[in-house]
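Residue numbers (our numbering), protein chains in the order written: chain C, 5 to 181; chain E, 305 to 581; chain X, 305 to 581; chain A, 70 to 645; chain U, 70 to 645.
Backbone N, C-alpha and C define an ideal beta-carbon position, used for all residues, glycine too.
Predicted, not measured: the structure shown is a model, and the values here were computed from it.
Quick notes on the structure that follows.
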Amino acid sequence: MSDKADAPSVSTLSDLLAVAYQIEVDAIERYKMLAEQMETHNNVELAAVFRDLARAEGIHAAEIRRLAGDVDVAALGPEVGQWMTGDSPEAADLSSAHYMMSRAEALRMALAGEERALAFFEEVVKSVEDPEARELAKQLVEEEREHVELCHQLIRRHDKPLRRLGVEDPDAPEPQG
Amino acid sequence: MSAEPKPAYKASDFKSDIAPIWCPGCGDYHVLLSITRALAQLGKPPEQVAIVSGIGCSSRIPAYTNCYGFHGVHGRALPIATGLKVIRPDQTVIVTTGDGDGYSIGGNHFLHACRRNLDLTMIVMDNHIYGMTKGQPSPTTEPDLDTALTPGGTGLRPFNPLVIALASGANFVARAFAGNIGQTTSIIVDAVTHPGFSFVEILSPCVTFRPDQRSWKTQVHPAPVDATDDPARAARRIMTDDGFNLGVLYRGNRQPYTPKFGGSGCDLSELEREFEL
Amino acid sequence: MSAEPKPAYKASDFKSDIAPIWCPGCGDYHVLLSITRALAQLGKPPEQVAIVSGIGCSSRIPAYTNCYGFHGVHGRALPIATGLKVIRPDQTVIVTTGDGDGYSIGGNHFLHACRRNLDLTMIVMDNHIYGMTKGQPSPTTEPDLDTALTPGGTGLRPFNPLVIALASGANFVARAFAGNIGQTTSIIVDAVTHPGFSFVEILSPCVTFRPDQRSWKTQVHPAPVDATDDPARAARRIMTDDGFNLGVLYRGNRQPYTPKFGGSGCDLSELEREFEL
Amino acid sequence: MQLAEISSVSLAFLGSGGAGVISTGELLLEAACKNGWYGLLTRSVGPQIRGGEAAAMLRLATQPVDCHADRFDLLVAVDWLNAQRFALEMPLGPRTIALCDPESGAVPEFVRAAGVRVIELPLKAMTAANPEWRPNMIALGAALRVLGLPEDAARAAIENRFGDKGAAVIVASLAAVKGGADAVESGVLPARLPAPAASGTARWRISGNQAVGLGAVRGGVRFAAAYPITPATEILEWLALNLAKVGGALVQAEDELASINMIIGGSYAGAPSITATSGPGLSLMVEGIGLATAAEVPIVVVDVMRGGPSTGIPTKSEQSDLNIALYGMHGDAPHIVVAPQSVSDCVFTAQWATYLAEAMQIPVLLLSDQFMGQAHAAIDRPADVAFVGQRRIARDIAGTYRRYSLNGPNVTAMALPGTPGGQYTADGLSHSERGTPSSAASDHRAQLDKRANKVHEFDFGDHWATLHGSGEIAVLTWGSVTGAVLEGIALARTDGIDVRVIAPRLLLPAQPERMAAALGGVRELIVIEQSHGAQFYRYLRAHYHLPRNVRVVNSAGPLPLRPGDIYRELTAERAA
Amino acid sequence: MQLAEISSVSLAFLGSGGAGVISTGELLLEAACKNGWYGLLTRSVGPQIRGGEAAAMLRLATQPVDCHADRFDLLVAVDWLNAQRFALEMPLGPRTIALCDPESGAVPEFVRAAGVRVIELPLKAMTAANPEWRPNMIALGAALRVLGLPEDAARAAIENRFGDKGAAVIVASLAAVKGGADAVESGVLPARLPAPAASGTARWRISGNQAVGLGAVRGGVRFAAAYPITPATEILEWLALNLAKVGGALVQAEDELASINMIIGGSYAGAPSITATSGPGLSLMVEGIGLATAAEVPIVVVDVMRGGPSTGIPTKSEQSDLNIALYGMHGDAPHIVVAPQSVSDCVFTAQWATYLAEAMQIPVLLLSDQFMGQAHAAIDRPADVAFVGQRRIARDIAGTYRRYSLNGPNVTAMALPGTPGGQYTADGLSHSERGTPSSAASDHRAQLDKRANKVHEFDFGDHWATLHGSGEIAVLTWGSVTGAVLEGIALARTDGIDVRVIAPRLLLPAQPERMAAALGGVRELIVIEQSHGAQFYRYLRAHYHLPRNVRVVNSAGPLPLRPGDIYRELTAERAA
Ligand SMILES: Cc1ncc(C[n+]2csc(CCOP(=O)(O)OP(=O)(O)O)c2C)c(N)n1
Ligand SMILES: Cc1ncc(C[n+]2csc(CCOP(=O)(O)OP(=O)(O)O)c2C)c(N)n1
Ligand code: SF4
Ligand code: SF4
Ligand SMILES: [Mg+2]
Ligand SMILES: [Mg+2]
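Now the structure itself:
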């Protein structure tokens, strides 16, 4: 997954806006994929959770776009916001999905993303020199903190004893092909 | 970056409206994402790309893209891609296959496609198992994996596809890990751009039959050195690495094979002359 | 040499009464001679040796010997030999094939037999051509050889069977020249004696479709160094040699594959137990 | 119309990934059968490897059943997600009862349209109240109660299955079963399964694929080569485990070209040998099968048919590989084709196939299909039969050994490697008596005659076909369709229509005299098969003299034929 | 019995390795044909690649001939070594003349037994006296003289063939020819070939294999994939050279699995595509052919049949791949099977095959055989016909593209890679209209119907069969056997026996109405074919209503059927 060394270097405000925007875009894409997977595998409950998460990230993306004003983050994002060997921090880790995952597990997945994003922006706060950019980074750090806290709350609400994925599945896999 | 503005494609332009039926968690979702991102970066429109596969979970990729596709029979993706590319050299042709489809039943075409060195890219989603048929060992499966078909394990040494590719003449050899979407994307871009036969082995976990492969993400690491153009050196490196070295490992400079076409061609009646008495 | 006197066999004890129909001058006559001499040296009676082949001039060898033989279909000698050896591990099983039979249509079995590492010996009479079907290029044919099927040449790089054998796991790799009967004989003895899958490539000229190969006898020379047991080193050496290095080039020490047999076995009624309600 | 003779109840468990409906079905089959009933279980699943929608379709009966009934009596839905895709596979009617939880979604259209009586089973509420209860266990309990079976019936099955998960799981499961049973009334089902009669024979629970494996081993098979393919893999997996127990071995091959040639090598070396595959794999084996014919090496090749052509429908049944099995070899290549007719018959037919291969030194193709191959059935233990492969072996060889001798019987003694004086080269080229390649017309024709004659001389006995009844109307059918045909005819008989059934188990070589006798006095013939191209009908025309009046009832897969389909054809016949 | 209508002379050159008898035969064919005659040349060789015994068998005639005659008029032996192995292939009689050198060994048994008149040709003495004369050139001269052809007839042929060897070789050859001619008398042959009538059309010398290549290119083929196999390789070699000339290409494949799939890829990409093979290769292609059926990709697959089963007799003819061509695919896989009837017909049939493949987007199998494939014939230039592959292509695509649409014609427009909006995935899985995999019964059956219907709706026109005569006795035959049948019937006609001939060129799909019309009024049917298992007869039974009275005349290869064999069958029929 995302690795500090992979992270795009951010030196200007517009860079930061673009990266922040791209992070949200990637997250949306990933949650939509997960929602689709859950629909295909008849886990409607989780599909709804992921659609909600995608929607929430969509709101964030819109906010950043608003903040960006004239900066065309949609165009800049894919160019600046590239993590070389890994993934953007907020994008959910597809490989930890399971068709029987619970709401709490989904939320943990989201939490991991938020925590990575938080760490990334904290790093930007430390490293970026442009004061405007630093200011925005601080703001983003605050926002991510809220998200992390929200995830924790939701997880507490939905937490159930963790199942060992794949082991407790009463249905044997079915051969195809 | 070229001066002319490329038409800006997004990865989603290369995704079809068909929802994949892979198990959630399967590495192949990542590979699909990497392929569509790579295609967006390459900047050709979807109709100028053809994706060819055999049979297996991994081989389901073509229909999930918005490109021309061929989901052929088990093991025969490479010959189909060969015919396609020979007739339509203008198309970008990518073969997507699995370790069973590509290395077991399709092993002979693998050898000979490397040797033929057409300008194709072969992407193997290697999960060291036959996913689609419920977990039988493939040529890359570890010898001690207990399966219903091979109780107690096969006892066979897994084979090293990268060395085989090199030995048989592939012009570009790389290893990627499905989870590293960014790196995989750029390797695919590189592979498609490199002339001749490009071989990309992607470690792509099967969460259903090889849940142990979830640990791959902690095992992979970038190759310590840059790609070489010396096949003997590349072979030695690969034969002695730990199997988790990621990156472009070999970049050859053989001329790709281009079949001899007779241009627009002569009048058919000229062919008859040899028969005239 | 063991202390007990072995029954003394002569090469002629391993020759059948069927006269070969090869072209006079064909390298395969030499190979037949070397095989029968090697078998005489090995000292097992003819009925304890089985020779399996596919289709091609070279594949005609089994019936010219006095051993058990199987002249199967084109490209499938190795699987037949595999079944035979698994069931009768006491038999010495030798596969005799050609560059078309063994490397083109039979390429996949070549890969997987090396990997499986049963105690077999594969002898390929490589003449860089399809002799039997009148001179079409094989995987080892030079790119510029003009043939009726490939006017002006194939344009393809010949592939290096020894490297493929190594890469896919053969436990013994050697190159011989048909004309050097003494050396070829001792390489075959060595190959049969070595445990696991032994691969012997014999340069065997086709005087009819490759009269140029008459010059091979002046080109071949002994390998400058002894066999190694390091496959990476062996691969590097072979990839960089001139293709005419003769001798044992690799001698591995992998344990041969022995399928798990259940010994004499249980009563059939025990199998029924799982079904009882 | 009454359910005469066969008294059975049909039910299905429906649900999506993780609901565990397939295992529920298996538990119920085991429970019912441990308590004396017979039964059949098939499953239908979505295209997903894991997490797709699934249905377990069961029929429980007081005597063995080889097909599904015309209508389900009971539907238990753990949820209704994607259930609509089972519409065609699940014939329902006003007498059907559906148990489901209104909280898990609306009853799908096809269920409502059939006028099914819906009864609530509050799964969500029950699991909310009892978190350790699994919905599928509740469903199992409810089904037991509705069927009139004691919930305790499932105890042994549950203990058996969850034994390694610990006591807590078993206790919770049994509690959920009890809870489910108590949540429904017992009298809702119009049909009821009478108590089973005590049966003298031991009874088995087995799948058709396992049955083929067992039959082959009974017949003497000791070597297998394997390349996996749905729906044949279970045969290979069963053999992998069990051949080792009886002193045999299985080798995994790199492809089907290898697997067919490996068994040729193994059989040449002396071991009765087998492989199993499905259509795409069989396509790759035909060259090898021709070699086995020419070199006279006995082998058994099992094809578990699935929907075709090409990759087709890997998980569904069809009878459309008949053509390739009969005619798929180049040149004149005599071989044997047999087809079992039920899960139970798979044991016999696979054993017989091995016997025939060894007796005639010839390839034998066994055509099973996905329906019976992957069905689990509770059956009477198949009888022990004397068919064990006995190959003519050349032992003490004096003088010149003629592997393909033309003096004496057409089945010639085979020397096995190691036998002094028996050295010969098996060859796919036309050859002389000694096996030496020859392109002489005399050798070619003599060996073609030898290979054809050894088959035509052989006495295949009564097992060539299942014959039933004696009416002037006859049905000719084959394979797993036979079960539905026999039941359909039993239904027709209650209407006074007497119909004869001829179901050849031996398809090649054709048995014209036997068929003529079987068809004696038949005025009308109905050919029933499951292929789009009417392959069986064309085969019959090619090889047999059929009555003038022939009707062909052929439908492609993947839907199974049911007794009612047959019954309707027979009564339509009468009306016409 | 007179040689009516066809006036021809048959001769053979015999000799062992290095004698050059095959080239002698070729020179004579060319010489005679350049001078206005027609002819047919086949060769028979030992199993050796080089240096075996060989025979060139020729028939020269005043009109096109498609088979050999019943008896050789002239035998020219350069030597007699191993000649005995040609005994069965070389029917002789008291009217046969043999030219040979007593010094080169005793006249073989089969020649003496036939009462042949032996005339000395002192080859050894002549070459001793003229060291630069080659015995085969002397033999050529002798043959020319005996046949009554001027020795100068061979001049152009010799100049043509030896042009690049220099003038000296040409001079010596012409001298040897003259010497040979002068060494024999001209009046010894009882039969004599009349001077040819001037023909209006251009004439060609061509082999059946070349003719298939040419026909395919005429029909539009622009891509081929090749794996060599006897006796089909010449088709591939001809295409290798000639496709390049017309803007196409040939790729050599690693095996037949590759070659069939390569042409599927090439055709998917838009190029009408072909491969050629023989039985063993076809066996490996059947899986690919099924894929082409399912994915609806047009391809042409040529099978030049040889003796089977398995490796069989690679160099000899047989009609025993009919079964695999008709039925060799798993699943219900509609495809087309056509068979040319002569060297000349190979041009037409290959062109038609390409046209049919493209028109229906379907695999077409063309069954040729070693006899016509490797025969060289002098024929009238085959007519230009309008059958050029025209595929329905989807061009300006608006909206959702449905590759396998069920609204509209069953042959649906195919989008070629590069066409915007036409992206689809061709699939061997059962699929929906868009090509998306589906295991729904509705999709499966709808697409099976579509694929079957596009074939059944197609109007194949009059080319479906060669029809001849109108008697109450009919012969049904196919492929290269047709030539001998037509001649045998012409012989019978001179006895007043009127026989009808029906030789279907289109084998699949069967044409029941056309066949019924063709068989109208037939009282007795004789089926004539060259397979041990009577494959054609079984096929006819399966698909057509045959008269009650059917006799089957089937013989395995490798010996060709001759007109006299047919004539005898017809007269025996009458006697019986
Ligand atoms: C000729 C043939 N043989 C066997 C099969 C069955 N089959 C389908 S997919 C598959 C293995 C696929 O393994 P792999 O390529 O590793 O794909 P994965 O599912 O692991 O991605 C097999 C054996 C088939 N479809 N066709
Ligand atoms: C399935 C199949 N394809 C093609 C052939 C034709 N064939 C026979 S031998 C041969 C090539 C043999 O080449 P090689 O193995 O190099 O033998 P050589 O004659 O050169 O010794 C071919 C293509 C065949 N017999 N079977
Ligand atoms: S079975 Fe394995 S390879 Fe197939 S979709 Fe599931 S996780 Fe992926
Ligand atoms: S053709 Fe070549 S390989 Fe074959 S026998 Fe002659 S010389 Fe040997
Ligand atoms: Mg895999
Ligand atoms: Mg060769």
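Less than 7 Å between C-beta atoms, sequence neighbours within five positions excluded: which residues of the same chain meet that for residue i?
i: E:ARG419; result: SER472 and GLY473
i: X:LYS314; result: ALA344
i: E:SER408; result: SER442 and PRO443
i: A:THR380; result: PRO349
Which residues in the same chain have their Cβ closer than 8 Å to the Cβ of residue i, if we skip the five residues on either side of it in sequence?
i: A:MET354; result: GLU325, LEU326, SER328, ILE329, THR344, THR346 and VAL370
i: A:LEU312; result: VAL286, VAL290, ARG291, PHE292, ALA293, ALA318 and LEU319
i: A:GLN492; result: TYR470 and ALA484
The beta strand (DSSP E) with residue i in it runs from where to where?
i: U:TYR606; result: Taken as a continuous stretch (DSSP letters only), U:TYR606 belongs to no beta strand (DSSP E), being part of the alpha helix (DSSP H) at 604-612.
Going by DSSP in three states, residue i sits in which element: helix, strand or coil?
i: U:ASP438; result: strand
i: U:MET159; result: coil
i: C:SER6; result: Legend: pLDDT at C:SER6 = 42, less than 50; position of this residue unreliable, no value from coordinates given.
i: X:SER357; result: strand
i: A:ALA452; result: coil
i: U:ALA495; result: strand
i: U:SER77; result: strand
Sort out for me which residues DSSP pairs residue i with in a bridge.
i: A:CYS169; result: A:GLU189
i: U:ASN623; result: U:GLU598
i: U:SER276; result: U:HIS445
What are the boundary residues of the alpha helix (DSSP H) that includes residue i?
i: A:GLY248; result: 236-251
i: E:ASP332; result: 331-346
i: U:PRO573; result: Counting along the chain, U:PRO573 falls outside any alpha helix (DSSP H), though it belongs to the beta strand (DSSP E) covering 568-573.
i: E:ILE372; result: Residue identity check: residue 372 of chain E is Tyr in the sequence provided, not Ile. Per DSSP, E:TYR372 belongs to no alpha helix (DSSP H); it is in the beta strand (DSSP E), 372-375.
i: C:ILE32; result: 17-44
Once the 5 residues before and after residue i are set aside, which same chain residues still bring their CB inside 6 Å of it?
i: U:ASN104; result: ALA222
i: U:ARG186; result: ILE166
*At a cut of 8 Å, does the segment 377-397 of chain E reach the segment 530-542 of chain U through at least three beta carbon pairs?*
no
*Using 8 Å as the threshold, is the segment 504-514 of chain E in touch with the segment 494-501 of chain X, meaning 3 or more CB pairs across them?*
no
*Evaluate the contact criterion for the segment 312-329 of chain E versus the segment 32-48 of chain C: three or more CB pairs, one atom per stretch, below 8 Å.*
yes
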